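Residue numbers (this note's numbering): 2 to 214.
Written as structure tokens, this is what we have:
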């Protein structure tokens with residue numbers, strides 16, 4: 002269950018295909034679990050997506066608008082969250098390409114107007130990615146995130162064996178078909194759900210940012 006239940010009025014039911022689209026997440030160097038980089042440790046921005054707290058992606062901020070729109074257009078049922086782990090643990094998983102969680106997309110909503118209105122009300126914010134776009138979809142649905150050690154490892158060899166082009170890097174744009182998606186989901190579902198720890202960690206980061214403000 003999400004920590005914060007959002008108002009789902011205006012959200013559309015989403016019927017996707019049994020495929021899973023990979024989305025890279027910039028993650029923190031200061032935590033055991035690979036949570037989103039909310040402190041701009043990677044110099045890519047202050048990220049609030051995926052938003053574990055509300056079980057949404059793209060609602061709280063305009064983030065990866067083009068890839069999310071492409072996922073919605075392509076009708077992928079699942080978003081798979083990947084990263085290269087550089088956190089506190091010295092585990093053998095360090096620096097490997099991991100899928101540490103997923104989201105099943107149950108509902109979508111065009112939130113372009115929301116993000117532009119927020120920007121117009123506070124022009125000190127960065128200009129939203131969707132400013133020059135026709136649509137900007139946010140996604141809602143159940144999420145599951147596991148520990149770094151329990152993550153699913155993506156390697157160049159695995160991609161080749163499964164018949165996908167590209168290398169295990171942040172630029173990888175793979176959409177996994179059902180047979181491979183089922184293997185990834187089965188692995189993640191067999192591990193302990195750590196989303197409460199993810200939420201607790203990012204809550205600590207929020208408090209730190211508020212203290213600095």
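Glycine included, C-beta positions come from ideal geometry on N, C-alpha and C. Quick caveat, the model's predicted, so the values are computed rather than measured.
C-beta atoms of residue i and residue j nearer than 9 Å
{"i": "residue 186", "j": "residue 149", "result": "no"}
{"i": "residue 110", "j": "residue 139", "result": "yes"}
{"i": "residue 79", "j": "residue 182", "result": "yes"}
{"i": "residue 83", "j": "residue 32", "result": "no"}
{"i": "residue 196", "j": "residue 145", "result": "yes"}
{"i": "residue 194", "j": "residue 154", "result": "no"}
{"i": "residue 3", "j": "residue 54", "result": "yes"}
{"i": "residue 1", "j": "residue 22", "result": "Coverage of the chain is limited to positions 2 through 214, which leaves residue 1 absent and any answer about it impossible."}
C-alpha gap between residue i and residue j, whole angstroms
{"i": "residue 130", "j": "residue 59", "result": "11 Å"}
{"i": "residue 171", "j": "residue 213", "result": "30 Å"}
{"i": "residue 113", "j": "residue 69", "result": "12 Å"}
{"i": "residue 163", "j": "residue 151", "result": "21 Å"}
{"i": "residue 128", "j": "residue 62", "result": "11 Å"}
{"i": "residue 25", "j": "residue 72", "result": "13 Å"}
{"i": "residue 11", "j": "residue 44", "result": "35 Å"}
{"i": "residue 204", "j": "residue 64", "result": "19 Å"}
{"i": "residue 221", "j": "residue 189", "result": "The structure shown does not extend to residue 221, since the chain spans only 2 to 214, so no value can be given for it."}
{"i": "residue 5", "j": "residue 115", "result": "19 Å"}
{"i": "residue 199", "j": "residue 176", "result": "25 Å"}
{"i": "residue 34", "j": "residue 85", "result": "12 Å"}
{"i": "residue 56", "j": "residue 201", "result": "14 Å"}
{"i": "residue 16", "j": "residue 106", "result": "8 Å"}
{"i": "residue 94", "j": "residue 184", "result": "19 Å"}
{"i": "residue 224", "j": "residue 91", "result": "No statement about residue 224 is possible, as the shown extent of the chain runs from 2 to 214 and does not include it."}
{"i": "residue 125", "j": "residue 47", "result": "14 Å"}
Three-state secondary structure assigned by DSSP to residue i
{"i": "residue 118", "result": "helix"}
{"i": "residue 149", "result": "coil"}
{"i": "residue 144", "result": "strand"}
{"i": "residue 199", "result": "helix"}
{"i": "residue 206", "result": "helix"}
{"i": "residue 100", "result": "strand"}
{"i": "residue 108", "result": "strand"}
{"i": "residue 113", "result": "helix"}
{"i": "residue 7", "result": "coil"}
{"i": "residue 159", "result": "helix"}
{"i": "residue 187", "result": "helix"}
{"i": "residue 182", "result": "helix"}
Cβ separation of residue i and residue j, assumed to be a contact under 8 Å, to the nearest whole Å
{"i": "residue 174", "j": "residue 20", "result": "Contact doesn't hold; Cβ gap of about 13 Å is too wide."}
{"i": "residue 142", "j": "residue 104", "result": "5 Å"}
{"i": "residue 9", "j": "residue 108", "result": "6 Å"}
{"i": "residue 66", "j": "residue 121", "result": "That pair is no contact at about 17 Å."}
{"i": "residue 157", "j": "residue 168", "result": "5 Å"}
{"i": "residue 206", "j": "residue 40", "result": "6 Å"}
{"i": "residue 27", "j": "residue 14", "result": "Incorrect: roughly 30 Å between the Cβ atoms, too far for contact."}
Exercise for the section: Could you tell me which uninterrupted beta strand (DSSP E) segments, each at least 3 residues in length, are contained entirely in the segment 14-77, listed from first to last along the chain? Expected result: Runs found: 18-25.
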